[in-house]
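To start, the structure under review is shown below, and the notes come after it.
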Amino acid sequence: MIKIEALTKSYHGREILKNVNLEIKEGERVVIIGPSGSGKSTLLRCMAGLESVDSGGISFEGKDIFATRKNRSEIGMVFQSFDLFPHLSAMENIMLAPNIVRKEKEQAVRERALRLLDRVHLMEHKDHYPEQLSGGQQQRIAIARALAMNPKLMLFDEPTSALDPEMTGEVLDVIGDVVKDGMTVVIVTHEMGFARRVGDRIIFMDGGIVVEDVPAAKLAELPKHSRLDQFLSQLNHF
Amino acid sequence: MEGFLEHVNGVFDYMTSQTFAAAAANTLKLTLLAQLLGVALGFLLALGKMSKWSVLNSAANGYIWFFRGIPVLVQLIFVFNALPQFGIRLSGFECALIALALNEAAYMAEIIRSGLSAVSKGQKRAAHVLGMNNWQTMRHVVLPQAVRLIVPPTGNQFIGMLKTSAMASVVGYMDLLLTAQQAASATFNYVDTLIAAVIYYLVFTALFTLLQGYIERKMDVVKASERKQKLLIAKSGISGESRSAA
Ligand SMILES: Nc1ncnc2c1ncn2[C@@H]1O[C@H](COP(=O)(O)OP(=O)(O)OP(=O)(O)O)[C@@H](O)[C@H]1O
Ligand SMILES: [Mg+2]
Numbered sequence: 453m454i455k456i457e458a459l460t461k462s463y464h465g466r467e468i469l470k471n472v473n474l475e476i477k478e479g480e481r482v483v484i485i486g487p488s489g490s491g492k493s494t495l496l497r498c499m500a501g502l503e504s505v506d507s508g509g510i511s512f513e514g515k516d517i518f519a520t521r522k523n524r525s526e527i528g529m530v531f532q533s534f535d536l537f538p539h540l541s542a543m544e545n546i547m548l549a550p551n552i553v554r555k556e557k558e559q560a561v562r563e564r565a566l567r568l569l570d571r572v573h574l575m576e577h578k579d580h581y582p583e584q585l586s587g588g589q590q591q592r593i594a595i596a597r598a599l600a601m602n603p604k605l606m607l608f609d610e611p612t613s614a615l616d617p618e619m620t621g622e623v624l625d626v627i628g629d630v631v632k633d634g635m636t637v638v639i640v641t642h643e644m645g646f647a648r649r650v651g652d653r654i655i656f657m658d659g660g661i662v663v664e665d666v667p668a669a670k671l672a673e674l675p676k677h678s679r680l681d682q683f684l685s686q687l688n689h690f
Numbered sequence: 083m084e085g086f087l088e089h090v091n092g093v094f095d096y097m098t099s100q101t102f103a104a105a106a107a108n109t110l111k112l113t114l115l116a117q118l119l120g121v122a123l124g125f126l127l128a129l130g131k132m133s134k135w136s137v138l139n140s141a142a143n144g145y146i147w148f149f150r151g152i153p154v155l156v157q158l159i160f161v162f163n164a165l166p167q168f169g170i171r172l173s174g175f176e177c178a179l180i181a182l183a184l185n186e187a188a189y190m191a192e193i194i195r196s197g198l199s200a201v202s203k204g205q206k207r208a209a210h211v212l213g214m215n216n217w218q219t220m221r222h223v224v225l226p227q228a229v230r231l232i233v234p235p236t237g238n239q240f241i242g243m244l245k246t247s248a249m250a251s252v253v254g255y256m257d258l259l260l261t262a263q264q265a266a267s268a269t270f271n272y273v274d275t276l277i278a279a280v281i282y283y284l285v286f287t288a289l290f291t292l293l294q295g296y297i298e299r300k301m302d303v304v305k306a307s308e309r310k311q312k313l314l315i316a317k318s319g320i321s322g323e324s325r326s327a328a
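Residue numbers (the numbering used here), protein chains in the order written: chain X, 453 to 690; chain F, 83 to 328.
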């Protein structure tokens with residue numbers, strides 16, 4: 453579905469992604485883990501077409517995502533910081549892009565928005581503005597907003613790390629539902645319990661390269677003292 | 083007491099005279115147009131200041147430095163007296179409009195820039211992933227939020243412009259001040275003529291201030307929605323929760 457080939461990206465002359473190769477098939481649930489600064493967010497931003505790359509390429513369903521906006525229009529992304537539009541209500545946040553980008557019929561957009569609000573369990577908050585919502589609620593609206601564009605691939609960059617612990621559950625549940633419906637997803641997270649539950653493929657990044665790429669089921673059989681093994685045991689310590 | 087009433091009558095007569103009404107309209111016309119042009123040009127300058135091309139940055143900064151550094155009165159007199167030497171002959175109104183608008187743009191640029199840059203990078207990023215192009219992001223995400231920050235200081239600029247517009251009297255534009263002065267030079271009644279002009283200025287300022295407050299309230303969507311919710315709750319008689327977590 454999405455194919456990353458020999459991707460290199462640097463900021464101010466410092467290489468952040470070094471020759472990343474990755475192919476993700478339809479229906480896969482990929483979890484990316486790795487230490488801070490390893491390039492996970494940068495990789496996701498490249499996959500969403502938000503960053504220009506130095507060399508290499510990314511194609512989505514065979515088409516270069518950097519060529520036109522249309523080629524990446526079925527890739528959705530949710531960020532750590534929610535980034536809802538504060539001047540619009542929850543419902544309006546969800547409806548904006550289908551209205552102005554796809555120019556869909558108002559009624560169809562409205563119906564889909566209501567369905568999505570129901571799906572993220574926030575129907576009663578549809579007319580509330582972001583500042584009237586908790587972090588967990590904002591993130592669920594952000595997920596609904598991304599889903600409103602009918603993406604085929606969803607990228608989640610640490611969707612719960614800006615949240616108070618008591619709100620991570622509600623957001624992870626919503627992501628779990630999206631995954632259950634068969635969405636192809638790439639999730640960057642430090643929530644290893646969640647990663648094992650929903651992920652079927654674990655990618656470990658370190659220093660801008662993909663160090664490990666293993667089926668989730670094999671995670672337990674990793675050779676001791678591999679870098680991934682060390683990283684996981686460090687996570688457990690915190 | 084009799085003297086006082088006489089002045090009241092005098093001021094009233096001037097204020098309601100056709101020349102003063104026309105002068106008030108002239109002042110208003112110049113103020114509105116100069117501010118409007120200043121905002122439009124200021125918007126372009128703000129975009130220049132925020133552009134990633136350093137040529138545009140320098141051009142915008144150079145403009146702002148130039149026009150903020152020269153007294154408006156000097157700019158006005160330059161346009162009026164010096165441009166004819168280059169064969170450019172403009173009316174008093176045109177001179178005043180150009181000088182005031184060019185000067186105002188330098189101040190509006192900074193106001194608009196800070197409004198535009200208050201919108202987080204994250205929101206622009208989210209808009210782009212949702213497929214919006216730069217113009218759609220500007221129009222539907224950045225501008226609606228920036229306008230809320232830009233309106234209050236622009237209101238103050240506008241009231242400032244009303245007063246600065248009196249400078250147009252030195253280039254022969256028949257605004258409130260010049261009209262009052264001409265009326266006075268005929269009758270030597272400086273008190274009544276100037277007070278008539280002053281009252282017009284004060285009334286306009288009061289009206290602009292009211293308008294500004296009205297627009298600001300209209301734009302505060304969250305407060306407006308809270309007011310609406312309170313109203314609904316009050317109507318239904320339930321003191322229900324309106325903003326607690328699910
Ligand atoms: N816009 C940018 N400009 C300059 N440097 C950047 C930028 N974005 C990221 N970097 C640098 O690139 C490196 C990788 O950043 P990235 O955010 O991709 O890491 P990450 O794996 O997501 O880390 P974390 O777990 O902390 O989110 C970091 O060293 C960071 O400082
Ligand atoms: Mg990151």
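All C-beta atoms, glycine included, are put in the ideal place defined by N, C-alpha and C.
Keep in mind the model is a prediction, meaning the values are calculated, not measured.
Query - Own chain residues within Cβ distance below 6 Å of valine 666/X, not counting five before or after - result: Counting from 1 along the first sequence, the entry for residue 666/X is found at position 214. Taken in chain order, the residues that qualify are Ile654.
Query raised in the report: Using CA coordinates, which residue listed in Val637/X, Gly489/X, Gly588/X is at the minimum distance from valine 572/X?
Result: Here residue 572/X refers to the residue found at position 120 of the first sequence. The candidate whose alpha carbon is nearest that of valine 572/X is Gly588/X.
Requested in this report: Tell me whether aspartate 535/X is buried or exposed, calling it buried when 16 or more other Cβ atoms sit within 10 Å of its Cβ.
Outcome: Within the first sequence, numbered from 1, the residue matching residue 535/X stands at position 83. Under this definition aspartate 535/X is a buried residue.
Report task. For glutamine 117/F, decide whether its Cβ has a neighbour in chain X, counting only Cβ atoms nearer than 9 Å. Result -> What you label residue 117/F is simply residue 35 of the second sequence in a count that begins at 1. Using a CB distance cut-off of 9 Å, glutamine 117/F does not count as an interface residue toward chain X.
Requested in this report: Keeping to the same chain, check which residues put their C-beta closer than 6 Å to that of methionine 190/F; ignore five residues upstream and five downstream.
Outcome: Position 108 of the second sequence, counted from the first residue, corresponds to residue 190/F. The residues are Gly120, Val121, Gly124.
Report task. Report yes if the CB atom of glycine 241/F is closer than 9 Å to the CB atom of threonine 287/F, and no otherwise. Result -> Stepping through the second sequence from its first residue, residue 241/F is reached at position 159. Stepping through the second sequence from its first residue, residue 287/F is reached at position 205. A small fix is needed here, since residue 241/F is isoleucine in this sequence, not glycine. Yes, the pair counts as a contact, with Cβ atoms nearer than the cut-off.
Query raised in the report: Are the C-beta atoms of methionine 220/F and some chain X residue less than 9 Å apart?
Result: Here residue 220/F corresponds to residue number 138 of the second sequence, with the count starting at 1. Methionine 220/F does not count as touching chain X.
Query - As assigned by DSSP and simplified to three states, the class of threonine 98/F - result: Position 16 of the second sequence, counted from the start, is the residue given in the question as residue 98/F. It is helical.
Report task. Using a Cβ cut-off of 7 Å, pull out every chain F residue sitting near methionine 529/X, in sequence order please. Result -> On the first sequence, position 77 is the one that residue 529/X refers to. Neighbours of methionine 529/X on chain F, chain order: Val211.
Query - Own chain residues within Cβ distance below 7 Å of alanine 58/F, not counting five before or after - result: Residue 58/F falls outside the range modelled here, since chain F spans only 83 to 328, and no answer is possible.
Query raised in the report: Do we get a CB-CB distance below 9 Å when we pair valine 303/F with the residues of chain X?
Result: Here residue 303/F refers to the residue found at position 221 when the second sequence is read from its first residue. By this cut-off, valine 303/F is an interface position.
Query - Within chain F, the residues that alanine 614/X reaches when beta carbons sit closer than 7 Å - result: On the first sequence, residue 614/X is found 162 positions in, with the first residue counted as 1. Chain F residues near alanine 614/X: none, gap ~11 Å exceeds 7 Å.
Report task. Using alpha carbons as the reference points, say which of Leu179/F, Gln167/F, Pro166/F, Leu184/F lies closest to glycine 151/F. Result -> As a position in the second sequence, residue 151/F is number 69, starting the count at 1. The residue with the shortest Cα to Cα distance from glycine 151/F is Leu184/F.
Query raised in the report: So alanine 142/F is in the alpha helix (DSSP H); what residue range does that whole segment cover?
Result: Stepping through the second sequence from its first residue, residue 142/F is reached at position 60. Start and end: 136 to 151.
Query - Short-range partners of chain F found in the stretch 486 to 502 of chain X, where Cβ spacing is below 7 Å - result: Ala500, Leu502
Query raised in the report: Can you list, in chain order, the residues of its chain whose CB lies under 6 Å from that of valine 637/X, leaving out five sequence neighbours each side?
Result: Indexing the first sequence from 1 puts residue 637/X at position 185. The answer, listed in chain order, is Arg481, Met606, Val631.
**Report entry** Bounding residues of the beta strand (DSSP E) (the contiguous stretch that carries arginine 221/F)
**Finding:** Start at 1 with the first residue of the second sequence, and residue 221/F comes out as number 139. Neither: arginine 221/F is in no beta strand (DSSP E) and is coded neither H nor E.
Query - For glutamine 218/F and proline 538/X, believed in contact at Cβ under 8 Å, the rounded distance - result: Translated into the one-based positions of the first sequence, residue 538/X becomes position 86. Translated into the one-based positions of the second sequence, residue 218/F becomes position 136. With 8 Å as the limit, proline 538/X and glutamine 218/F do not qualify as a contact, their Cβ atoms being about 17 Å apart.
Requested in this report: Give the secondary structure of methionine 606/X by DSSP, where H, G and I count as helix, E and B as strand, and everything else as coil.
Outcome: The residue you call residue 606/X lines up with position 154 of the first sequence. Methionine 606/X: strand per DSSP, three-state reduction.
Query raised in the report: CB-CB under 6 Å to methionine 547/X, same chain, minus the five flanking residues each way: which ones, in chain order?
Result: By 1-based counting over the first sequence, the position of residue 547/X is 95. Correct list, in chain order: Val561, Ala565.
**Report entry** Reduced DSSP secondary structure (H/G/I, E/B, other) of isoleucine 194/F
**Finding:** Counted from its first residue, the second sequence places residue 194/F at position 112. It is helical.
Requested in this report: Tell me tyrosine 463/X's beta-bridge partners as DSSP assigns them.
Outcome: In the first sequence, counting from the first residue as 1, residue 463/X sits at position 11. Answer by DSSP bridge pairing, in chain order: Arg466/X.
Query raised in the report: Can you find a CB in chain X that lies within less than 9 Å of the CB of glutamate 192/F?
Result: Stepping through the second sequence from its first residue, residue 192/F is reached at position 110. So, not an interface residue.
**Report entry** Residues that glutamate 583/X contacts on chain F, provided the C-beta gap is smaller than 9 Å
**Finding:** Here residue 583/X refers to the residue found at position 131 of the first sequence. Here the neighbours are Val304.
**Report entry** Terminal residues of the alpha helix (DSSP H) in which methionine 256/F lies
**Finding:** As a working note, residue 256/F is residue 174 in the second sequence. Per DSSP, methionine 256/F belongs to no alpha helix (DSSP H) and is neither H nor E.
**Report entry** Any non-hydrogen atom of ligand 3 within 8 Å of glutamine 532/X CB
**Finding:** Looking for ligand 3 in the displayed structure turns up nothing; the ligands present are ligand 1 and ligand 2.
Query raised in the report: Is any heavy atom in ligand 2 found nearer than 8 Å to the beta carbon of aspartate 609/X?
Result: Sequence index remark: in the first sequence, residue 609/X carries index 157 (1-based). Look at aspartate 609/X: its beta carbon is less than 8 Å from one of the heavy atoms in ligand 2.
Query raised in the report: When the Cα of alanine 594/X is compared with those of Glu576/X, Ser541/X, Thr641/X, which residue comes out closest?
Result: For the purposes of this step, residue 594/X is taken as the residue at position 142 of the first sequence. Checking every option, the nearest Cα to that of alanine 594/X belongs to Ser541/X.
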